[in-house]
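**Q** Numbering-wise (my numbering), the sequence shown opens with residue 6 and increments by one. For every residue, glycine included, the Cβ atom is placed at its ideal position computed from N, Cα and C. It should be emphasised that the depicted structure is a prediction, and the values quoted were computed from it without experimental measurement. Below: one structure in structure tokens.
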Amino acid sequence: MSKVLSMTDGIKPAQVLRDTFLKLDPRVQMRNPVMFVVYVGSLLTALYSIAGFWFSDRSNHGFTIAITLWLWFTVIFANFAEALAEGRSRAQAQSLKGLKKSMMARKYVDPVRRDAIIEVPSETLRKGDVIRTDAGQLIAADGEVIEGVATVDESAITGESAPVLRESGGDLCSVTGSTKVLSDYLIIRVVSDPGESFLDQMIRMVEGAKRQKTPNEIALTILLVSLTLIFLLCVTTLYPMSVYSVVASGVGQPISVIVLIALLVCLIPTTISGLLSAIGVAGMSRMMKENVIARSGKAVEAAGDIDVLLLDKTGTITYGNRQASAFIPSQGVPLQHLAWLAHEASTADETPEGRSIVALARDMQVSLADPAGERQVIPFTAQTRMSGVDIANNGAVLHIRKGAVQAIEQYCLAQGNAIPQDIAEQVRQIAQRGSTPLAIAENAKIVGCIELKDVVKPDIRERFAQLRTMGIKTVMITGDNPLTAAAIAAEAGVDDYVAQATPQTKLDIIRDYQQKGHLVAMTGDGTNDAPALAQADVAVAMNCGTQAAREASNMVDLDSDPTKLLEVVKTGKQMLMTRGALTTFSIANDVAKYFAIIPAAFVSVYPQLGVLNVMQLHSPESAVLSAVIFNALIIIGLIPLALRGVTFRAQSAAALLRRNLLIYAAGGLLVPFAGIKLIDLMLSVL
Numbered sequence: 006m007s008k009v010l011s012m013t014d015g016i017k018p019a020q021v022l023r024d025t026f027l028k029l030d031p032r033v034q035m036r037n038p039v040m041f042v043v044y045v046g047s048l049l050t051a052l053y054s055i056a057g058f059w060f061s062d063r064s065n066h067g068f069t070i071a072i073t074l075w076l077w078f079t080v081i082f083a084n085f086a087e088a089l090a091e092g093r094s095r096a097q098a099q100s101l102k103g104l105k106k107s108m109m110a111r112k113y114v115d116p117v118r119r120d121a122i123i124e125v126p127s128e129t130l131r132k133g134d135v136i137r138t139d140a141g142q143l144i145a146a147d148g149e150v151i152e153g154v155a156t157v158d159e160s161a162i163t164g165e166s167a168p169v170l171r172e173s174g175g176d177l178c179s180v181t182g183s184t185k186v187l188s189d190y191l192i193i194r195v196v197s198d199p200g201e202s203f204l205d206q207m208i209r210m211v212e213g214a215k216r217q218k219t220p221n222e223i224a225l226t227i228l229l230v231s232l233t234l235i236f237l238l239c240v241t242t243l244y245p246m247s248v249y250s251v252v253a254s255g256v257g258q259p260i261s262v263i264v265l266i267a268l269l270v271c272l273i274p275t276t277i278s279g280l281l282s283a284i285g286v287a288g289m290s291r292m293m294k295e296n297v298i299a300r301s302g303k304a305v306e307a308a309g310d311i312d313v314l315l316l317d318k319t320g321t322i323t324y325g326n327r328q329a330s331a332f333i334p335s336q337g338v339p340l341q342h343l344a345w346l347a348h349e350a351s352t353a354d355e356t357p358e359g360r361s362i363v364a365l366a367r368d369m370q371v372s373l374a375d376p377a378g379e380r381q382v383i384p385f386t387a388q389t390r391m392s393g394v395d396i397a398n399n400g401a402v403l404h405i406r407k408g409a410v411q412a413i414e415q416y417c418l419a420q421g422n423a424i425p426q427d428i429a430e431q432v433r434q435i436a437q438r439g440s441t442p443l444a445i446a447e448n449a450k451i452v453g454c455i456e457l458k459d460v461v462k463p464d465i466r467e468r469f470a471q472l473r474t475m476g477i478k479t480v481m482i483t484g485d486n487p488l489t490a491a492a493i494a495a496e497a498g499v500d501d502y503v504a505q506a507t508p509q510t511k512l513d514i515i516r517d518y519q520q521k522g523h524l525v526a527m528t529g530d531g532t533n534d535a536p537a538l539a540q541a542d543v544a545v546a547m548n549c550g551t552q553a554a555r556e557a558s559n560m561v562d563l564d565s566d567p568t569k570l571l572e573v574v575k576t577g578k579q580m581l582m583t584r585g586a587l588t589t590f591s592i593a594n595d596v597a598k599y600f601a602i603i604p605a606a607f608v609s610v611y612p613q614l615g616v617l618n619v620m621q622l623h624s625p626e627s628a629v630l631s632a633v634i635f636n637a638l639i640i641i642g643l644i645p646l647a648l649r650g651v652t653f654r655a656q657s658a659a660a661l662l663r664r665n666l667l668i669y670a671a672g673g674l675l676v677p678f679a680g681i682k683l684i685d686l687m688l689s690v691l
């Protein structure tokens, strides 16, 4: 979706400008209390400008009009920042709407018997309907594959040209409407009603105008409003004080209402208030650029605040394509017999590990003739952590089991058979090598083990080091035994690990960390991940995963890449860094305005304040006007930074604070001095 979700394509300038002026509606302005104060001030100065034509001399009327115009520009520029950010989100939504296609769907009349097919418009499909999609056809609706295996082109959604495998009975069963089946066929159960499809949800998610404020944004708004109220009280007391001083001294003139309004607007935090909404909208847009759909701005913000990261070992820390590399029989057990048992236990296992076991047995040229008798397949479950087959023949039943060593050992111990010492030693050595051992049992007796090899991703250790620098703890979750988990954890550089984990274990870990005051993030793709995803503060579901996982999460990764969780954290922190940096800059640049406006406003009453005119501004009028012009222009100047975000660096909170103070606080102090002086020079020439 890289092209569809570009931050620059599809913006309509005319609509952005129209929205900018529509936001001048008082009902819209009241949503931003700080800018509403500027809005009211602009109305008051406008009334003074109009009244000046009839009720006062016009000696200073040009100054009043100029102040009025630039106060309105301040409001308009803030509206423009928000409208531009929303325009980008709207462009994304329009691009997504272009992906929705009306088509004919081949629907089974009876979803259970599936003996007759009719063609119906895709808009008429409802949740629970069953459809068939053959090679070359578009999938008519979101659904879960209940039969078939096929490659699917999801480039319309993800932007990735490589086809992906979708199949029934696993965690790769979810399909999205408007994607294309390239091979074979799929029978799909529809999981959404019209208007509730994944594309529909995506469109609603990226609609900037419907964005809700995040908790941190609300807290910052309260702080900005409090500062505004303080400055408002201070400024309102200046007029009677100046009147009293003039009467008492008989020198000078009271400060004018126009100058007081200009002073208030320049002192309150207008810069960050005008950009705050744009920063939030742009944060969600940047998340979309990473091919991650955030269901709310709160989820993006939480991603920047998390301090514990739960990561599955397989597919996230390692490549996830564990392959059987060796069969290791117990003493007295023929290697060929162990290979045959492993093959029989894995024939119905459609996981990559199961297929690799079958392939290894075939490579060993094991006799694969099916034994006579009735077969009952024992499927793998996350709770039992083993699978196998029971073969009944002439009253006798052969029980073959394959699975995690601990699970197989408990299964055998329940029937009075302990693990052989030589196999226990082999399991320990396999685990120490960082591989994964599986045990094979025949009639509740462990007869050997299988070594599965996986590879740690080469850059993962450096990425974990970056997270550690930012104060984020990484915890690896795996179903492997403790020795294997320890070896992989040491190689990957995670802070902690949990071995032999079940879905309940993940849920308990998340709750434990949350009770200690931590914010937790995790990824998942299966139905068994749904409870933990629902509990996590940031939950990223894989797009290829089950519907239960996607519904339980607050983010969906279109690329189905478990490592994307690291990018989610980066994007969330970048949004918080941007907000913090611009808040620091906004508050710091008010200092320069003090040196511009306060001496200009009171120098006639208190000549001693002339020493504060460190910028040597041309006149009191040009000083006030220069500060107001700079206050408006700086909003426009910071819009690109608000939308793009500050440069991300993996640093601790203390280091980020020092960087903010060095760059944005110092910049906020120095830039206004130079900017106001330059504007004053231009005004003096004019």
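Quick check: the Cα distance between Ala331 and Ser351, rounded to an integer number of angstroms?
**A** One-based indexing of the sequence shown puts residue 331 at position 326. One-based indexing of the sequence shown puts residue 351 at position 346. Going from the Cα of Ala331 to the Cα of Ser351 covers about 15 angstroms.
**Q** Can you name the start and end residues of the alpha helix (DSSP H) that Gly302 belongs to?
**A** The residue you call residue 302 lines up with position 297 of the sequence shown. That run of the alpha helix (DSSP H) goes 302-310.
**Q** Is it true that the CB of Val42 sits closer than 8 angstroms to the CB of Ile273?
**A** The residue labelled residue 273 in the question sits at position 268 within the sequence shown. The residue labelled residue 42 in the question sits at position 37 within the sequence shown. A contact, by the Cβ cut-off of 8 angstroms.
**Q** Using the three-state DSSP reduction, which class does Asn221 fall into: helix, strand or coil?
**A** Position 216 of the sequence shown, counted from the start, is the residue given in the question as residue 221. In the three-state reduction of the DSSP assignment, Asn221 falls in the helix class, which pools H, G and I.
**Q** Excluding the five sequence neighbours on either side, which residues of its own chain have a C-beta within less than 6 angstroms of the C-beta of Ala557, listed in chain order?
**A** As a position in the sequence shown, residue 557 is number 552, starting the count at 1. The residues are Ala535, Leu538, Ala539.
**Q** Can you list, in chain order, the residues of its chain whose CB lies under 6 angstroms from that of Thr321, leaving out five sequence neighbours each side?
**A** Along the sequence shown, one-based indexing puts residue 321 at 316. So the qualifying residues of the chain are Pro567, Thr568.
**Q** Taking the C-alpha atoms as reference points, what is the distance between Thr184 and Ser160?
**A** Here residue 184 corresponds to residue number 179 of the sequence shown, with the count starting at 1. Here residue 160 corresponds to residue number 155 of the sequence shown, with the count starting at 1. Distance between the alpha carbons of Thr184 and Ser160 is about 8 angstroms.
**Q** Can you grab the Cα-Cα spacing for the pair Gln437 / Thr510, in whole Å?
**A** For the purposes of this step, residue 437 is identified with residue 432 of the sequence shown, where counting begins at 1. For the purposes of this step, residue 510 is identified with residue 505 of the sequence shown, where counting begins at 1. In this structure, the straight-line span from the alpha carbon of Gln437 to that of Thr510 is close to 24 angstroms.
**Q** Is the beta carbon of Ser173 closer than 8 angstroms to that of Glu152?
**A** By 1-based counting over the sequence shown, the position of residue 152 is 147. By 1-based counting over the sequence shown, the position of residue 173 is 168. Going by C-beta atoms, Glu152 is nearer than 8 angstroms to Ser173.
**Q** Report the rounded CA-to-CA distance for Pro604 versus Ala544, giving the unit in angstroms.
**A** Along the sequence shown, one-based indexing puts residue 604 at 599. Along the sequence shown, one-based indexing puts residue 544 at 539. If I take the Cα positions, the gap works out to 54 angstroms.
**Q** To which residues does DSSP link Val394 through a beta bridge?
**A** Walking along the sequence shown from the start, residue 394 turns up at place 389. Bridge partners of Val394: Val382, Ile405.
**Q** DSSP on Ala497, reduced to helix/strand/coil?
**A** Locating residue 497 in the sequence shown gives position 492, counting from the first residue. Helix at Ala497.
**Q** Which residues mark the beginning and the end of the beta strand (DSSP E) in which Met582 is found?
**A** Position 577 of the sequence shown, counted from the first residue, corresponds to residue 582. That residue, Met582, is in no beta strand (DSSP E); its alpha helix (DSSP H) goes 569-593.
**Q** Classify Arg171: buried if its beta carbon has 16 or more other beta carbons within 10 angstroms, exposed otherwise.
**A** Position 166 of the sequence shown, counted from the start, is the residue given in the question as residue 171. So Arg171 ends up on the buried side.
**Q** Put Met246 into one of helix, strand or coil per three-state DSSP.
**A** Residue mapping note: residue 246 aligns to position 241 of the sequence shown, counting from 1. Reduced to three states, the DSSP call for Met246 is helix.
**Q** Rounded to whole angstroms, what's the CA-CA distance from Gly550 to Lys578? Just pull it up for me.
**A** Numbered from its first residue, the sequence shown carries residue 550 at position 545. Numbered from its first residue, the sequence shown carries residue 578 at position 573. Rounded to the nearest angstrom, the two C-alpha atoms are 26 angstroms apart.
**Q** Below 6 angstroms CB to CB, which residues in the same chain sit around Lys682 once its five sequence neighbours on both sides are set aside?
**A** Start at 1 with the first residue of the sequence shown, and residue 682 comes out as number 677. Exclusion of the five residues before and after Lys682 leaves Met620 as the residues of its chain whose Cβ lies within less than 6 angstroms of its Cβ.
**Q** Determine the DSSP secondary structure at Leu418, reduced to helix, strand or coil.
**A** By 1-based counting over the sequence shown, the position of residue 418 is 413. Three-state result, Leu418: helix.
**Q** Do you know offhand how far Ala308's Cα is from Val180's?
**A** The sequence position of residue 308 within the sequence shown is 303, counting from 1. The sequence position of residue 180 within the sequence shown is 175, counting from 1. Their Cα atoms are separated by approximately 26 angstroms.
**Q** Who are Met527's beta bridge partners in DSSP?
**A** Looking up residue 527 in the sequence shown gives position 522. Answer is Leu315, Ala544, bridged to Met527.
**Q** Out of curiosity, what's the CA-to-CA distance linking Val80 and Gln552?
**A** To locate residue 80, count along the sequence shown from 1; it is residue 75. To locate residue 552, count along the sequence shown from 1; it is residue 547. Val80 and Gln552: Cα-Cα distance of roughly 45 angstroms.
**Q** Using beta-carbon positions only, say whether Ile193 and Asp317 come within less than 8 angstroms of one another.
**A** Against the sequence shown, residue 193 aligns to sequence position 188. Against the sequence shown, residue 317 aligns to sequence position 312. The answer is no: Cβ separation not under 8 angstroms.
**Q** So, do the segment 408-424 and the segment 291-302 have three or more beta carbon pairs nearer to each other than 8 angstroms?
**A** With a cut-off of 8 angstroms, the segment 291-302 and the segment 408-424 do not count as touching, because too few Cβ pairs lie within range.
**Q** Less than 8 angstroms between the CB atoms is what I'm expecting for Ile640 and Gly279, so what's the real figure, rounded?
**A** Indexing the sequence shown from 1 puts residue 640 at position 635. Indexing the sequence shown from 1 puts residue 279 at position 274. 5 angstroms between Cβ atoms; contact.
**Q** Between Pro357 and Arg406, is the Cβ-Cβ spacing less than 8 angstroms?
**A** Residue 357 sits at position 352 when you count from the first residue of the sequence shown. Residue 406 sits at position 401 when you count from the first residue of the sequence shown. No, the Cβ-Cβ distance between Pro357 and Arg406 is not below 8 angstroms.
**Q** Grab me the residues of Val394's own chain with a C-beta within less than 8 angstroms of its C-beta, minus the 5 sequence neighbours each way, in chain order.
**A** Against the sequence shown, residue 394 aligns to sequence position 389. So the qualifying residues of the chain are Glu349, Ala350, Thr352, Ala353, Arg380, Gln381, Val382, Ile383, Ile405.
**Q** Which residue wins for smallest C-alpha separation from Leu524, given the options Val305, Ile227, Leu675?
**A** Your numbering for residue 524 matches position 519 in the sequence shown. Closest by alpha carbon: Val305.
**Q** Which value, in whole angstroms, describes the spacing of the CA atoms of Thr275 and Leu686?
**A** In the sequence shown, residue 275 corresponds to position 270, counting from 1. In the sequence shown, residue 686 corresponds to position 681, counting from 1. Between Thr275 and Leu686, the C-alpha separation is close to 24 angstroms.
**Q** Could you please give me the residues that DSSP links to Phe332 through a beta bridge?
**A** Here the question's residue 332 lines up with position 327 in the sequence shown. Paired residues: Ile455.
**Q** May I have the straight-line CA-CA distance separating Val21 from Gly650, to the nearest angstrom?
**A** Here residue 21 refers to the residue found at position 16 of the sequence shown. Here residue 650 refers to the residue found at position 645 of the sequence shown. So the two alpha carbons sit approximately 20 angstroms from each other.
**Q** Here's the rule: buried if 16 or more other CB atoms are within 10 angstroms of the residue's CB, otherwise exposed. What is Tyr249?
**A** Position 244 of the sequence shown, counted from the first residue, corresponds to residue 249. Exposed: under 16 other Cβ atoms inside 10 Å.
**Q** Taking 8 angstroms as the threshold (C-beta atoms), are Ser94 and Met108 in contact?
**A** Locating residue 108 in the sequence shown gives position 103, where the first residue counts as 1. Locating residue 94 in the sequence shown gives position 89, where the first residue counts as 1. Not closer than 8 angstroms, so no.
**Q** Using CA coordinates, which residue listed in Gln34, Gly522, Asn533, Asp24 is at the minimum distance from Ile311?
**A** The residue labelled residue 311 in the question sits at position 306 within the sequence shown. The shortest C-alpha separation from Ile311 is found at Gly522.
**Q** Quick one: measure Cβ to Cβ for Val573 and Met560, integer angstroms, because I've assumed they're closer than 8 angstroms.
**A** Within the sequence shown, residue 573 is the residue found at index 568, counting from 1. Within the sequence shown, residue 560 is the residue found at index 555, counting from 1. 6 angstroms between Cβ atoms; contact.
**Q** Report the CB separation of Thr479 from Asp464 in whole angstroms; it is logged as a contact under 8 angstroms.
**A** Here residue 479 is taken as the residue at index 474 of the sequence shown, counted from 1. Here residue 464 is taken as the residue at index 459 of the sequence shown, counted from 1. In fact, because the Cβ distance is near 14 angstroms, the residues do not count as touching under 8 angstroms.
**Q** Which two residues bound the contiguous alpha helix (DSSP H) that contains Lys511?
**A** On the sequence shown, position 506 is the one that residue 511 refers to. Segment 508-520, the alpha helix (DSSP H) holding Lys511.
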